[in-house]
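Here's the structure, in structure tokens; my notes come after.
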Amino acid sequence: MAEVKVSLDAELVVEVMVLAGVGNPQDAVELVVRDYIARGHRTEARAAERDDARREAGDRPQEPQG
1 MAEVKVSLDA
11 ELVVEVMVLA
21 GVGNPQDAVE
31 LVVRDYIARG
41 HRTEARAAER
51 DDARREAGDR
61 PQEPQG
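The numbers in UniProt numbering rise by one with no breaks, and the one at position 59 of the sequence shown is 59.
Next up, the structure:
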């Protein structure tokens with residue numbers, strides 16, 4: 001896998017290390033990035049499920065309640 005080097009503010013990296021509970025700065029940042037990507041995939045899956053449910057329901061608008 002190709003690698004990319006990125007410069008980050010030291011305080012930001014220390015905060016990530018503390019929150020991730022990791023002693024290595026590179027590992028801590030990698031964990032955060034992987035978590036961000038995983039959350040994005042979960043969000044996409046939930047949105048697709050909602051779209052599928054609407055299609056199956058026939059896209060009928062709800063009647064006003066009141």
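All C-beta atoms in this analysis are idealised placements derived from N, C-alpha and C, irrespective of residue type, glycine included. If you're wondering where the values come from, they're calculated on a predicted model, not measured in any experiment.
query: The alpha helix (DSSP H) that contains residue 68, what's its start and end?; result: Nothing about residue 68 can be read from this structure; the chain reaches only from 1 to 66.
query: For the ligand MN, any of its heavy atoms closer than 6 Å to the Cβ of ASP52?; result: The ligand MN is absent from the structure shown, which contains no ligands of any kind.
query: Compute the beta-carbon to beta-carbon distance between ALA20 and VAL4, rounded to the nearest angstrom, for a pair I have assumed lies under 8 Å.; result: About 19 Å separates the two Cβ atoms, so there is no contact after all.
query: Along the chain, which unbroken stretches of the alpha helix (DSSP H) at least 4 residues long are found entirely within the segment 1–62?; result: 10–20, 25–57
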